[in-house]
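Okay, so here's the structure we're looking at.
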Amino acid sequence: MWKVRHQGSPSALGDLTLTQVAEGLADGRWEPTDEVMGPDDKDWVPIENHPQLEEIAADLEPPPPRHYDDETRLDMNALIDVCLVLLIFFILTTSYAVLQKRMEAPGVSGDKVGPPVLSKEKVEQQMIYVIVRMEDGKPVIQVENQTVDPEHLGPELRRYVKATNKTQMLLEIDDEVPHKINIQVQDAAKWAGIEKVSLVIPDKGKK
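Quick note on numbering: the sequence shown equals residues 4 to 210 in my numbering.
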């Protein structure tokens, strides 16, 4: 009878026929490197080296190598996709906000009727008068003829709103003033509680 043991193992499985050994090898119960001892053998021999089993062992295809998931590896593809989507979202949101402010900025009407004419008394009673011009390449802002630091424009306008209860602003702004300064002034007015901003349009017909 035949005996089979795993390579280097002290225990063995005996009382086997050659057919049973071959079937166990084909079924994967034993590896070609495991050891076998036949009825006429005096020592253990690897199955792949035994004269009666070496052809069977050679015909067996080696099992495919096992692949283990590397849990320490981080899949960055999904993270990159999310970052790209967020980047596009913020770009579109910022562009829309700037475009919306430009659309909301009052402009000069091309109608023949022309802009409304406000009396000096109405301006003094209902509006906060703000002038913006450029001096030495820097914007100069005056609120009711008082020069105001651009960074403090919002709080200064709010102080006027609380003191006078005026919620309208008459804005006179030079053509040389950048458009972004115009937007900043109107943002400060909105923050201060001013509900309406009217632009002073120079009468170019007068000489």
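The beta carbon of each residue, even a glycine, is placed where N, CA and C say it ideally should be.
Since the model is a prediction, treat every value here as computed from it, not as a measurement.
Looking at the backbone, the Cα of residue 32 and that of residue 51 are separated by about 14 Å.
Spanning the alpha carbons of residue 15 and residue 37 requires a straight line of approximately 11 Å. In this structure, DSSP gives residue 203 a state outside helix and strand, which the three-state scheme calls coil. Taken atom to atom, the span from the alpha-carbon of residue 91 to that of residue 140 is near 35 Å. Under the DSSP assignment, residue 51 falls outside any beta strand (DSSP E); it carries neither an H nor an E label.
By a beta-carbon distance limit of 8 Å, residue 170 contacts residue 196. Their separation comes to about 6 Å. Shown here, residue 190 sits in a helix according to DSSP, grouped into three states. Short of 7 Å from the beta carbon of residue 179, and not among the five residues preceding or following it, lie these beta carbons of its own chain, in chain order: 137. Residue 42 is bridged by DSSP to nothing; it lacks a bridge partner. For residue 29, the number of other beta carbons within 10 angstroms of its own is below 16, and it is reported as exposed.
Ranking 124, 182, 183 and 191 by CA distance to the CA of residue 146 puts 191 first.
Around the Cβ of residue 82, a 10 Å sphere holds fewer than 16 other Cβ atoms; the residue is exposed. DSSP, read as helix, strand or coil, puts residue 6 in strand.
Ranked by how close their Cα comes to the Cα of residue 144, the residues 129, 184, 125 and 61 have 184 in first place.
The beta carbon of residue 24 sits closer than 8 Å to those of 5, 7, 33, 39, 50 and 56, all from its chain and outside the five residues before and after it, given in chain order. Taking residue 203 as reference, the option from 126, 193 and 157 with the minimal CA-CA separation is 126. The alpha-carbon separation between residue 131 and residue 186 amounts to approximately 17 Å.
Residue 62 and residue 78 have their C-alpha atoms spaced approximately 40 Å apart. Take residue 46, set aside five residues on each side of it, and the residues of its chain with a beta-carbon closer than 8 Å to its own are 40, in chain order. Classified as exposed, residue 88 has fewer than 16 neighbouring CB atoms from the shown chains inside 10 Å of its CB.
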